[in-house]
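Peer 1:
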Amino acid sequence: EIQKELEDLRQQNALLQSKQTNNDLIKNKLENKLRERMEEDAKNKKLIERKTQEKKMLVAEVLKLRNEKQELISLYKTEIDKLNNQNKNNIHQLQQLSEQQKKSQEIEYQSNIK
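According to our numbering, the sequence shown holds residues 67 to 180 in order.
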């Protein structure tokens with residue numbers, strides 16, 4: 067009787083040890099998956115941070131270029147306005163010279179007729 071109980075206990079012990087070994091293997095697999103997932107998450111976090119930094123740098127570059135563009139537009143607008151004014155003055159002076167030449171020619175023509 068005791069021998070049978072002892073044998074039953076040994077069988078139960080062997081079964082429990084087998085289950086424990088199986089559980090340890092499952093636990094190790096799950097821990098490995100968890101570690102891999104955490105490493106992947108850390109990589110993804112770094113990637114997101116890098117992409118965010120790149121985006122911030124690109125936004126800053128775009129703003130810088132926009133400001134430079136506005137400065138150039140202002141600079142060239144001033145230059146263009148200045149040149150347009152000079153052209154208007156030149157045209158006005160040329161018109162005056164042309165009128166004076168016509169008057170001079172008319173006076174010369176009139177004096178030649180007399």
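The C-beta atom is built at its ideal place from N, Cα and C for all residues, glycine as well.
Go ahead and pull the three-state DSSP assignment for Glu67.
Peer 2: Along the sequence shown, read from residue 1 onward, the residue named residue 67 stands at position 1. Reduced to three states, the DSSP call for Glu67 is coil.
Peer 1: Expressed to the nearest angstrom, what Euclidean distance is found between the alpha-carbon atoms of Glu105 and Glu115?
Peer 2: Numbered from its first residue, the sequence shown carries residue 105 at position 39. Numbered from its first residue, the sequence shown carries residue 115 at position 49. Their Cα atoms are separated by approximately 15 Å.
Peer 1: For the ligand NAD, any of its heavy atoms closer than 7 Å to the Cβ of Met123?
Peer 2: For the structure depicted, the ligand NAD is absent and the ligand set is empty, with no information on it obtainable.
Peer 1: Quick check: what's the CA-CA separation for Asn89 versus Gln83?
Peer 2: Indexing the sequence shown from 1 puts residue 89 at position 23. Indexing the sequence shown from 1 puts residue 83 at position 17. The straight-line gap from Cα to Cα measures roughly 10 Å.
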